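Since the structure comes first, as structure tokens, the remarks are kept for the end.
Number of protein chains: 2
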Amino acid sequence: MKRSKPLLPTSSHVTLGKVAAACGVSPSTVSRVINGTAIVSAEKQARVRRAVEELGFVPNTLARALADGRTFSVGLVAQYLESPFYALMLRGIEETLSAAGYGLVVASGHWNAEEEARCVHAMRMRRVDGIIVLTGMLEDEFLIELARELPVVVTGRALEAPGLHALPSKDFDGARAATRHLLERGHARIAFIGGDVSHPDSHERERGYRAALAEASLGMDPALMRAGDYLETGGAAATEALLDEGVDFTAIFAANDQMAAGAAQVLYRRGLRVPEDVSIVGFDDLLSTAHASPPRTTVSLSVAELGRRAALAILDLLQHRAPRVHAPEPELVLRQSVRPPAPQRGGSARSMSTSR
Amino acid sequence: MKRSKPLLPTSSHVTLGKVAAACGVSPSTVSRVINGTAIVSAEKQARVRRAVEELGFVPNTLARALADGRTFSVGLVAQYLESPFYALMLRGIEETLSAAGYGLVVASGHWNAEEEARCVHAMRMRRVDGIIVLTGMLEDEFLIELARELPVVVTGRALEAPGLHALPSKDFDGARAATRHLLERGHARIAFIGGDVSHPDSHERERGYRAALAEASLGMDPALMRAGDYLETGGAAATEALLDEGVDFTAIFAANDQMAAGAAQVLYRRGLRVPEDVSIVGFDDLLSTAHASPPRTTVSLSVAELGRRAALAILDLLQHRAPRVHAPEPELVLRQSVRPPAPQRGGSARSMSTSR
DNA sequence: CTGAAAGCGCTTACAG
DNA sequence: CTGAAAGCGCTTACAG
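Right under this line is the structure:
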């Protein structure tokens, strides 16, 4: 059984000129039928299409870009590509851009302004039509100036400037909702594990926690507030400290899911059960959070959808339309890591941990 | 306080020609100093560099590519970007390519040959210098033909052809090691949850399981072998079936970590503890596996490192060197989800689950 | 060491 | 409706 067509019936060596020669029309005409950019007689259309097919012509986007100034590709400055958070974001972005015929050039800045600037520079050399920046450490001013050169979309911060669209997330609201949830379930001693303070959202998440406590007329206990880094190890370390110092708490609100996972792990190791002994709420709603044991309650940022919207925003900008999109509202996702605190017959996290 | 320099001292509108005009040399000379492609008098070098600096010249990679045929970018055909597995891979690839001055164009094929072929086509229009394909469903023949057009690296399969380098992983060995580990710990009733059968590696992983059992002279019990899909939900469903059907088992070997997470979740929900009641071993060593509660034993494929090597391989190919790299050896990572089976005082998974 | 010239593969006014 | 021509921003033999 023979194939009627080769599997890969295309060649990069065939040029528009050769196609033109092959079917006896001018290059201009070939260009026009390929791009549908002008009316061409049906007869020539057919001839051209056949030749394109037969020769396996693969149009050279670079040459096109050089001629008309558009590369149909956008640059993405991410931070840590191995992070499940960026993975979700990337999913949404790639999906949307691909569907619109755009290519995606990615680079990661590792939360370092200089690296991010290098990424931006590399992308400009490649003449991407626009750039999406995922939070990061670049100064607002830098982005504003960049947006004078080409369309820019940035997530995770609020910013207004010509040619620039920002998609800030309501971290404050989300964190407040998470904390309120714990309060409503009867927790009064809620530990907070903060994010990396160099990330702007970590302040907002902490503010949300503080606000909810204040609304409940609960005083702030510094012993309950722990520094973290948005990584599992940070969540684990903070939880260990909490336990080792004998701090009294019945619940933990971690500023992201990765830290919540680290916290859960330490509790597990110390023989404390979630949610029987300690309740936990995280933030972000990573894929793995729903599949933890037990599934963890968290604040969903709809990260993949955020990515989609960032992509839609850059697409708008590229078409000279003002983007209307904004980040999805944070949403509390109830799962099984929260329960009212155990009655105080010596069952707080503290006494259990010290009793071991 | 004023800045001495603007934050973004570059402009895409400055061309090499303008730089040349600005400092009174020919474009050729500017090109030569920028690329260090020929000896230029120190005096002119200095003049050119100053002009480049002052005008904020950003070389146009596209024009360069058109002139000399190299884009310095490579295409990556991934499958599901939101998957933690691809996230790790991407990390390793981007890191290596960036360091070498290459750009990365990503697209996802969603385990669908047609979509993957579309990705490949889009990348060839962009004239990437080479393509990395992460497993996927493209026929071997397709890749072989593609490699005649440009360098290709493919992970997850064994394949030899000119211009192509494959990085198959030893899934069989890994799976056998995982199963042996369970056997050595005294488990005889080991359930196996298989991967998506359309992925080539799932067969190898199943073969490894079978081989280990055979070596231990244990008969194959079909009731212990469950179909999965490499997703948490599949692992959960398989585990539920196992429990509901009252199958007798003391351990589970899941063909990947995501299914292991799903399995653990179901066990948790049914009141079975890991590892006290049931031991679990997964595969891949995703970031979240080390941070599960309890941390799960798994087979590490060193995915990020695999990504790095795939990138090194394409770099070799691009430099007309024969790649020497191969995938890292799978490695059993011992954590806390395995323990010898409980003594048979009615403590098997089966009796516990039915006693609830 | 350096410049003028041709060419990379397209697109797009400009004239029919 | 269609073609010849110029131009996009570089690089690279080719001659000094």
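Read top to bottom, the protein sequences are chains D and Y.
Per this note's numbering: the first sequence = residues 1 to 356.
Per this note's numbering: the second sequence = residues 1 to 356.
Even for Gly, the Cβ is constructed at its ideal location relative to N, Cα and C.
Treat the numbers as computed from the prediction; the structure is a model and nothing was measured.
query, result
"CB contact below 8 Å: H291/D versus chain Y", "yes"
"Among S293/Y, P294/Y and T289/Y, the one whose alpha carbon lies nearest that of S302/Y", "T289/Y"
"DSSP three-state assignment for M123/Y, whether helix, strand or coil", "helix"
"A261/D vs E215/D beta-carbon contact at 8 Å", "no"
"Supposed close pair V106/Y, V106/D - CB separation, criterion 8 Å", "6 Å"
"Cα-Cα separation between A310/D and G92/D, rounded to whole angstroms", "9 Å"
"Closest residue to C23/D among S12/D, E54/D and L306/D (Cα-Cα distance)", "E54/D"
"The region 125-140 of chain D touching the region 74-90 of chain Y, judged by at least three CB pairs closer than 8 Å", "no"
"Cβ-heavy atom distance, I131/Y to the ligand FAD, below 7 Å", "This structure does not include the ligand FAD; it has no bound ligands of any sort."
"Interface residues of chain D facing S73/Y [CB-CB closer than 9 Å]", "V105 and R126"
"Helix, strand or coil at V33/Y according to DSSP, with G and I counted as helix", "helix"
"Neighbour flag for E54/Y against chain D, beta carbons, 8 Å", "no"
"A122/Y versus R49/D - alpha carbon distance", "19 Å"
"Below-8 Å beta-carbon distance, A211/Y vs any chain D residue", "no"
"Chain-ordered neighbours of Y230/Y on chain D, where CB pairs are closer than 8 Å", "Chain D residues near Y230/Y: none, gap ~13 Å exceeds 8 Å."
"Close beta carbons around M89/Y, own chain, < 8 Å, minus the five adjacent residues each side", "A78, L134, T155, V303, A304, L306, G307 and A310"
"is_contact[P84/Y, chain D] using C-beta, thresh 8 Å", "yes"
"Three-state secondary structure (DSSP) of P330/D", "coil"
"For Q336/D, the nearest candidate out of E116/D, I280/D and D196/D (CA to CA)", "I280/D"
"L231/D in three-state terms, based on DSSP", "coil"
"Close Cβ partners of V40/Y (< 8 Å) along its chain, the five nearest in sequence each way excluded", "T29, R32, V33 and V48"
"Below-8 Å beta-carbon distance, R32/D vs any chain Y residue", "no"
"For F253/Y, the three-state DSSP class (helix, strand or coil)", "strand"
"Meets three-Cβ-pair contact criterion under 8 Å: the region 316-333 of chain Y and the region 108-122 of chain Y", "no"
"Outcome for E94/Y when other beta-carbon atoms lying within 10 angstroms are tallied against a minimum of 16", "buried"
"Selected residue, minimal CA-CA separation from A191/D, among V197/D, S198/D, L182/D and H199/D", "L182/D"
"7 Å Cβ shell around R180/D - same chain, five flanking residues per side excluded", "A212"
"From R189/D, R324/D, A20/D and G36/D, residue whose alpha carbon lies closest to that of D248/D", "R189/D"
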